[in-house]
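I have placed the structure first, in the form of structure tokens, so that the comments after it can refer back to it.
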Ligand SMILES: Cc1cc2nc3c(=O)[nH]c(=O)nc-3n(C[C@H](O)[C@H](O)[C@H](O)COP(=O)(O)OP(=O)(O)OC[C@H]3O[C@@H](n4cnc5c(N)ncnc54)[C@H](O)[C@@H]3O)c2cc1C
Ligand code: FES
Ligand code: FES
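Residue numbers (the working numbering), protein chains in the order written: chain A, 2 to 288; chain B, 23 to 200.
So this is what it looks like as structure tokens:
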């Protein structure tokens, strides 16, 4: 199908983009990588009057590190996030997650800011933001807000982003030197959206773990921090952590995959992630 | 430059100037027209195949500024200022001659609908391997073409063709180095 009629502008500054969004209200939407938005337009699921292309705004793409914070510009393409030297050295969780996002041609174009703004519950970056304790930086006309990832993802395709605001940066604290992480995803085919996925971080605590953060995706209407399971893992109880997921996740029930199946898959990947973070290899914790 | 400025203001149609298969081109493009339709309609580059028009099948894959992208998920107006290459340009330049020969000898195409997208996707993968100085494994090749649907070949022959091309290029590089 072909997209409906709309107007297009490619402002050369963030202020110009914000002014256009303000002037056109709900009829205008930002365009980043277009890998979800143009899809929706071509299928006529969306009919905005104006697309405000963010791609010509200087300074919105790229990765920098200062004072213990890694800053990823909203327009950084998925592939460039995962291959950036700083990300590979400081945020290996993100480098491991990147190849799971779609396919090469989509990773070349889609952006981290677009994924975060869209908040598809079955996607990798929002879960990485939760696991990594990220802060989402938002600019509105004359305002800047900083929202913790935990307060940003509010529901199915729903975030704390207000109309007229633009995600400019995703900030991650540099993990402590005793940090461990795991990324697990199960999908039917390489590059498909997750049936169940998990981005996890923790710190070593003797032979165990502390500060465990388990961010599941594909198993609820939003990415979910499983706090009960994390506490059980901190107490060294992997089976208890797996059992706790029944109360913490709310997997969608669709004709291809029953909710109970997704819950089971979530338990399996939690076992794998726990083994990895505890320094044990293999799937001995599979249920 | 004046045309770039015009794009800063909202309009339903914009003038674009870009490099297409090595030549400077210009066009006026409705905002709603995706790049695949622009390349096919205005420039006759029908090697840009359109299957799904929502990013899933990969038939429309082209190179923009040297990277594989979906022509159906970029707007024609976004081509402004970029360097676009289609399978026609890659063919004329001779850069994928070996890959095309391998597709032929390995029976990596039947109806050919997926072939331009497969060739472009594989061209990017091969170029990356050359930069890194290594040969992609079959698993890596399969992951790379995971976003390109083929309804005929069962993929095996396509993986073969890409793998033999990668090996041949690697061997040629080593000969040059020695
Ligand atoms: C076949 C296919 C498979 C895919 N598989 C996956 C997958 O496995 N995992 C995955 O994560 N994604 C997947 N995607 C989606 C892809 O990653 C998109 O790139 C991503 O969802 C959106 O990013 P974008 O930059 O393309 O945003 P766009 O499509 O440009 O925008 C998406 C939405 O976010 C808004 N927006 C974009 N940027 C900003 C910003 N900076 N500030 C405010 N609002 C903004 C737009 O207005 C729009 O509403 C897939 C896409 C396709 C076509
Ligand atoms: S036509 Fe573009 S991916 Fe199918
Ligand atoms: S050869 Fe027919 S779709 Fe691939």
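Note that CB positions come from ideal geometry on N, CA and C, so glycine has one too. These numbers come from a predicted model, not from an experiment.
8 Å Cβ cutoff, residue i in contact with chain A
i	result
residue 176 (chain B)	no
residue 83 (chain B)	yes
residue 132 (chain B)	no
residue 53 (chain B)	yes
residue 30 (chain B)	yes
residue 96 (chain B)	yes
residue 99 (chain B)	yes
residue 90 (chain B)	yes
residue 168 (chain B)	yes
residue 69 (chain B)	no
Reduced DSSP secondary structure (H/G/I, E/B, other) of residue i
i	result
residue 84 (chain A)	helix
residue 56 (chain B)	strand
residue 124 (chain A)	coil
residue 255 (chain A)	strand
residue 171 (chain A)	strand
residue 180 (chain A)	strand
residue 125 (chain B)	helix
residue 203 (chain A)	strand
residue 33 (chain B)	strand
residue 152 (chain A)	helix
residue 273 (chain A)	helix
residue 250 (chain A)	coil
residue 285 (chain A)	In this prediction, residue 285 (chain A) has a pLDDT of 38, which is less than 50 and means its spatial position is unreliable; nothing more can be read from the coordinates.
residue 85 (chain B)	strand
residue 73 (chain A)	strand
residue 209 (chain B)	Any property of residue 209 (chain B) remains undetermined from this structure, which presents chain B solely from 23 to 200.
residue 39 (chain B)	strand
Length of the line joining the Cα atoms of residue i and residue j
i	j	result
residue 268 (chain A)	residue 208 (chain A)	22 Å
residue 271 (chain A)	residue 161 (chain B)	25 Å
residue 8 (chain A)	residue 196 (chain A)	37 Å
residue 109 (chain A)	residue 86 (chain B)	10 Å
residue 34 (chain B)	residue 57 (chain B)	15 Å
residue 53 (chain B)	residue 111 (chain A)	19 Å
residue 283 (chain A)	residue 166 (chain B)	Reliability of the predicted coordinates at residue 283 (chain A) is poor, the pLDDT of 40 falling under 50, and the value obtained from them is presented with this limitation in mind. Taking the straight line from one Cα to the other gives about 26 Å.
residue 55 (chain B)	residue 228 (chain A)	47 Å
residue 67 (chain B)	residue 150 (chain A)	44 Å
residue 192 (chain B)	residue 134 (chain B)	27 Å
residue 254 (chain A)	residue 260 (chain A)	5 Å
residue 123 (chain A)	residue 223 (chain A)	8 Å
residue 50 (chain B)	residue 273 (chain A)	54 Å
residue 12 (chain A)	residue 169 (chain B)	32 Å
residue 48 (chain B)	residue 52 (chain A)	22 Å
residue 101 (chain B)	residue 36 (chain A)	15 Å
residue 125 (chain B)	residue 113 (chain B)	13 Å
Cut-off 6 Å between Cβ atoms - residues of its own chain near residue i, not counting five sequence neighbours on either side
i	result
residue 148 (chain A)	137 and 161
residue 42 (chain A)	4
residue 86 (chain A)	none
residue 142 (chain A)	19 and 23
residue 186 (chain A)	101, 195 and 198
Residues of its chain near residue i, where Cβ-Cβ distance is below 7 Å and the 5 sequence neighbours each way are ignored
i	result
residue 27 (chain A)	164
residue 89 (chain A)	96
residue 132 (chain A)	94, 200, 201, 202, 214 and 216
residue 241 (chain A)	233
residue 243 (chain A)	268, 271, 272 and 288
residue 50 (chain A)	7, 8, 25, 28 and 29
C-beta neighbour in chain B for residue i, strict 8 Å
i	result
residue 194 (chain A)	no
residue 105 (chain A)	yes
residue 21 (chain A)	yes
residue 99 (chain A)	no
residue 144 (chain A)	no
residue 55 (chain A)	no
residue 187 (chain A)	no
residue 112 (chain A)	no
residue 158 (chain A)	no
Whole-angstrom C-beta distance between residue j and residue i, which should lie under 8 Å
i	j	result
residue 142 (chain B)	residue 180 (chain B)	At roughly 13 Å, the Cβ-Cβ gap does not stay under 8 Å, so residue 142 (chain B) and residue 180 (chain B) are not in contact.
residue 184 (chain B)	residue 144 (chain B)	5 Å
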